[in-house]
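Going down the list, the sequences are from chains D and L. Read in order, the letters of the first sequence are residues 1 to 382 in the UniProt record's numbering. Read in order, the letters of the second sequence are residues 1 to 382 in the UniProt record's numbering. Cβ coordinates follow ideal geometry from the N, Cα and C atoms, glycine included. All values derive from a computational prediction rather than experimental measurement.
Protein chains: 2
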Amino acid sequence: MKISMFYIPTFFVFLHKAKFLLKTPNKKSALSEIHGVEQPETLSTLVASQIQQFRRKQPSAEELIAGILKGDKTALSRAITLVESTNPEHLAKANEVIKGCLPHANHSVRVGITGVPGVGKSTFIEAFGKYLTTIGKKVAVLAVDPSSSISHGSILGDKTRMEELVKDENAYIRPSASGDTLGGVARKTRETIILCEACGFDTIIIETVGVGQSETAVHSMVDFFLLLKISGAGDELQGIKRGIMEMADTIVINKADGDNIAKAKLAKTEFNRALHLFPAKSSGWIPKVTTCSAYEQTGIDAIWEIISEYFELVKANHYFEEKRQNQNQFWMMETINEQLKSHFYNHPNIMQLLEENKKAVQNNEISPFAAAMSLLDQYFKK
Amino acid sequence: MKISMFYIPTFFVFLHKAKFLLKTPNKKSALSEIHGVEQPETLSTLVASQIQQFRRKQPSAEELIAGILKGDKTALSRAITLVESTNPEHLAKANEVIKGCLPHANHSVRVGITGVPGVGKSTFIEAFGKYLTTIGKKVAVLAVDPSSSISHGSILGDKTRMEELVKDENAYIRPSASGDTLGGVARKTRETIILCEACGFDTIIIETVGVGQSETAVHSMVDFFLLLKISGAGDELQGIKRGIMEMADTIVINKADGDNIAKAKLAKTEFNRALHLFPAKSSGWIPKVTTCSAYEQTGIDAIWEIISEYFELVKANHYFEEKRQNQNQFWMMETINEQLKSHFYNHPNIMQLLEENKKAVQNNEISPFAAAMSLLDQYFKK
Chain D
1 MKISMFYIPT
11 FFVFLHKAKF
21 LLKTPNKKSA
31 LSEIHGVEQP
41 ETLSTLVASQ
51 IQQFRRKQPS
61 AEELIAGILK
71 GDKTALSRAI
81 TLVESTNPEH
91 LAKANEVIKG
101 CLPHANHSVR
111 VGITGVPGVG
121 KSTFIEAFGK
131 YLTTIGKKVA
141 VLAVDPSSSI
151 SHGSILGDKT
161 RMEELVKDEN
171 AYIRPSASGD
181 TLGGVARKTR
191 ETIILCEACG
201 FDTIIIETVG
211 VGQSETAVHS
221 MVDFFLLLKI
231 SGAGDELQGI
241 KRGIMEMADT
251 IVINKADGDN
261 IAKAKLAKTE
271 FNRALHLFPA
281 KSSGWIPKVT
291 TCSAYEQTGI
301 DAIWEIISEY
311 FELVKANHYF
321 EEKRQNQNQF
331 WMMETINEQL
341 KSHFYNHPNI
351 MQLLEENKKA
361 VQNNEISPFA
371 AAMSLLDQYF
381 KK
Chain L
1 MKISMFYIPT
11 FFVFLHKAKF
21 LLKTPNKKSA
31 LSEIHGVEQP
41 ETLSTLVASQ
51 IQQFRRKQPS
61 AEELIAGILK
71 GDKTALSRAI
81 TLVESTNPEH
91 LAKANEVIKG
101 CLPHANHSVR
111 VGITGVPGVG
121 KSTFIEAFGK
131 YLTTIGKKVA
141 VLAVDPSSSI
151 SHGSILGDKT
161 RMEELVKDEN
171 AYIRPSASGD
181 TLGGVARKTR
191 ETIILCEACG
201 FDTIIIETVG
211 VGQSETAVHS
221 MVDFFLLLKI
231 SGAGDELQGI
241 KRGIMEMADT
251 IVINKADGDN
261 IAKAKLAKTE
271 FNRALHLFPA
281 KSSGWIPKVT
291 TCSAYEQTGI
301 DAIWEIISEY
311 FELVKANHYF
321 EEKRQNQNQF
331 WMMETINEQL
341 KSHFYNHPNI
351 MQLLEENKKA
361 VQNNEISPFA
371 AAMSLLDQYF
381 KK
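This is how it looks when you write it as structure tokens:
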């Protein structure tokens, strides 16, 4: 089957150009300042040959697959870098690697973790991850954070904060891929999961920052969804984003230590009551609320017990496989739908007409439906 | 601006054909039974001329607009029939009529009403509608019920159940349009709202059946969303669909009469507590819970008071206009996105390839992303 990587890169190139134009209206690029300074010829030949040599050293797809399958973290990292690349050649190679890894993937539990900033996600993941490696698990920690594309990987800070886990040979931590869209970031993370699983990681933790739609994206790529909260001065139930509570398979109240223990217990009762307001889950699972202290490393084992209980249930009633199949279908469709939209809305003729039609709709000159049909007419004509 | 109605009809024709093929695999149509019986020639000429005459009598778009603007319900009904038609000529005419009505629309309050079967929606709408006409309102009752497309308008039963309201000259009741997709039904209802408003109806009630995604569709076309519930043996909080409670601007507990009054009050307390669990609404409105008896016609005035209070707030803080603008934009985009998908998924080459790729994804032979890209490649090639 022929696979074309054509649409993604053109879209990225387009965005890149558009940004550049926006930043420097009628201005010369900063690079033009050094125009006229001749490049020493010898150096440039040297650099060129070095780059060529370096390129030659890039392992082939087969080498990467072999490396990943024997648990080589360097091969894994290199393959993930290919997945995250916007270079069409890299993406083609990434696809080959993924194809080779697919038959060896899927043997894992995938746990999504979300919580607003301040609940102690990094500390929790460190404590949780360390606990898991202690009981013999191989843990990969990934992240979906579309906002990190602005700072190009500021979430790396998290990596240094997970000091213990990052040194653990049975753990692998990878910061969030950057990307212009959540869809792009999510796609990269999904493919990274496959690579990590093929590399022998049996517990995949996917962290998200609790901003906007990223929870929904993470929810659609994990088996189990953990919502991290803290108790506080009456704010137990604040900051609950639309639908997040409904997604949770367990709510963990962190920082249940010292003076906070009583408050955390109260919060547990509140959340338990709140969870009863939601309809039964199709998994047959009844969401549980528990407390822990990531800092004091208490209550962590109970969380893993809850998760294990969940997996026992959903593997027995086949919900586990069913959900994964549905997620695969969902991601295929989602990619198609996103690309169809991106192709339409970035069509040069449409961009101008869209603005005109939006204005006409706003001024009640045309109904939203008629405006849409007029645009579609233009689009399909070409 | 040229408006093409090309895509919708071809899609419907396609679906129609597909259904036909499914129903009669290798079988002759029932119609072929009477093959050989000659049609009396005189009758057919007569019928043909009658049809031609009837067609000639069809009012023009201008005549329909003029009729609607002076409050003629017959003109309104005819225009709605055009909106609901799948005939491209009718749709073109419908668009002309809508265009003429648009500058006179928008002066209304649009109230969505939902509730599971058995809460007494028809009785409630009858009592509520009658109350509104009593205080001088002109009320149009529409419905969004995609399931009615199966029985082709079984919801008409509701119309006969609203005996009093249907006879009221200041009320207009129209059953749900039929359609193969929720998107189609919703589009027709949205355009019907415009026509009703231009016809002088200042209170638009849109009923939905509480099934699947139809609430979301209705929520995106109304200003105010009313959730109808009943109290019962401990089931106050059951049957709450994902996200429905969050959409509600008010929850009305119906059947608060006789022995039920105490239970309804208890349910009110429960719902009030439940509503506090949700994040604040961007309208600035705090959802209210109230009880009523549509049967005994008590508590109806209090509901209208709540609704009026809401409109006072959102008109003062400009949320009202903002929301309507957003809804228009949403519907334009939604129509475009639905059509893009429909064009793709009904493409003859894609339909076969899609099945193949779905299978490959299922068997872990290809990643969902690679499968999607391969399909898109085929699609854009043509």
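| Query | Result |
| --- | --- |
| CA nearest to the CA of SER122(L), picked from LEU228(L), PHE224(L), PRO287(L), HIS219(L) | LEU228(L) |
| Beta carbon proximity, SER367(L) to chain D, threshold 7 Å | yes |
| Contact set between ILE98(D) and chain L, taken where Cβ atoms lie within less than 9 Å | ILE366, SER367, PHE369, ALA370 |
| ASN346(D) - DSSP class collapsed to helix/strand/coil | coil |
| Chain-ordered chain D contacts of PHE320(L) [CB-CB under 7 Å] | Those within 7 Å of PHE320(L) in chain D number zero; the least Cβ separation is about 15 Å. |
| Beta-carbon neighbours of PHE344(L), restricted to chain D and to distances below 8 Å | ILE336, LEU340 |
| Minimum Cβ-Cβ distance from MET332(L) to chain D less than 7 Å | yes |
| Residue closest to PRO348(D), alpha-carbon to alpha-carbon, out of ALA370(D), GLN339(D), TYR379(D), PHE320(D) | TYR379(D) |
| Cβ-Cβ separation, LEU376(D) to GLU365(L) (assumed contact under 8 Å), whole Å | 35 Å between Cβ atoms; not a contact. |
| Contact under 7 Å by Cβ, GLY299(D) with PHE225(D) | no |
| Interface residues of chain D facing LEU69(L) [CB-CB closer than 9 Å] | Those do not exist, as LEU69(L) stays about 15 Å from chain D at its closest Cβ, beyond 9 Å. |
| 7 Å Cβ cutoff, LEU142(L) in contact with chain D | no |
| Closer than 7 Å to chain L by CB, ASN328(D) | yes |
| CB contact below 7 Å: PRO103(D) versus chain L | yes |
| Contact set between VAL361(L) and chain D, taken where Cβ atoms lie within less than 9 Å | GLN325, ASN328, GLN329, TRP331, MET332 |
| Chain-ordered neighbours of ILE194(D) on chain L, where CB pairs are closer than 8 Å | SER367 |
| Close-in-space but distant-in-sequence residues of the same chain around ILE155(L) (CB under 7 Å, 5 per side omitted) | Residue placement at ILE155(L) cannot be trusted, given a pLDDT of 43 that sits under 50; what the coordinates show is reported in the next sentence. Around ILE155(L): ALA143, ASP145, SER148, PRO175, SER176. |
| Interface residues of chain L facing ALA274(D) [CB-CB closer than 9 Å] | ALA274, LEU277 |
| GLU33(L) in three-state terms, based on DSSP | With a pLDDT of only 47 at GLU33(L), under the threshold of 50, the placement of this residue in the model should not be trusted, and no figure is reported. |
| For ALA105(L) and ALA198(L), believed in contact at Cβ under 8 Å, the rounded distance | 5 Å |
| Check whether PHE278(D) and ILE251(D) have beta carbons under 7 Å apart | no |
| C-beta neighbour in chain D for ASN317(L), strict 7 Å | no |
| Exposure label - residue 402(L); buried when at least 16 CB within 10 Å | A question about residue 402(L) goes unanswered here, because the residues of chain L that appear run from 1 up to 382. |
| Contacting residues, own chain, Cβ-Cβ under 7 Å from ILE173(D) (five flanking each side not counted) | VAL141, LYS159, MET162, LEU165, VAL166 |
| Residue nearest to THR189(L) in terms of C-alpha spacing, selected from ASP249(L), PHE128(L), ALA94(L) | ALA94(L) |
| Spatial neighbours of PRO368(D) in its chain, beta-carbon cut-off 7 Å, leaving aside the 5 residues before and after | VAL361 |
| Among THR133(L), ASN337(L), LEU64(L), GLN58(L), the one whose alpha carbon lies nearest that of ASP301(L) | THR133(L) |
| For LEU142(L), the three-state DSSP class (helix, strand or coil) | strand |
| 8 Å CB neighbourhood of TYR345(D) in its chain, flanking five on each side removed | MET351, LEU354 |
| Opening and closing residue of the beta strand (DSSP E) in which THR250(L) lies | 250-254 |
| Near the ligand GTP: LYS341(D) beta-carbon under 6 Å from a heavy atom | Among the ligands in the structure shown, none appear at all, so the ligand GTP cannot be discussed. |
| Collapsed DSSP secondary structure at ARG110(L) in the structure displayed | strand |
| Closest residue to HIS219(D) among GLY100(D), CYS292(D), GLN327(D), THR81(D) (Cα-Cα distance) | GLN327(D) |
| Contact with chain D by LEU376(L), beta-carbon distance below 7 Å | yes |
| Spatial neighbours of LEU82(D) in its chain, beta-carbon cut-off 7 Å, leaving aside the 5 residues before and after | HIS90, LYS93, ALA94, VAL97 |
| Residue-chain proximity (ASN349(D), chain L), Cβ-Cβ < 7 Å | no |
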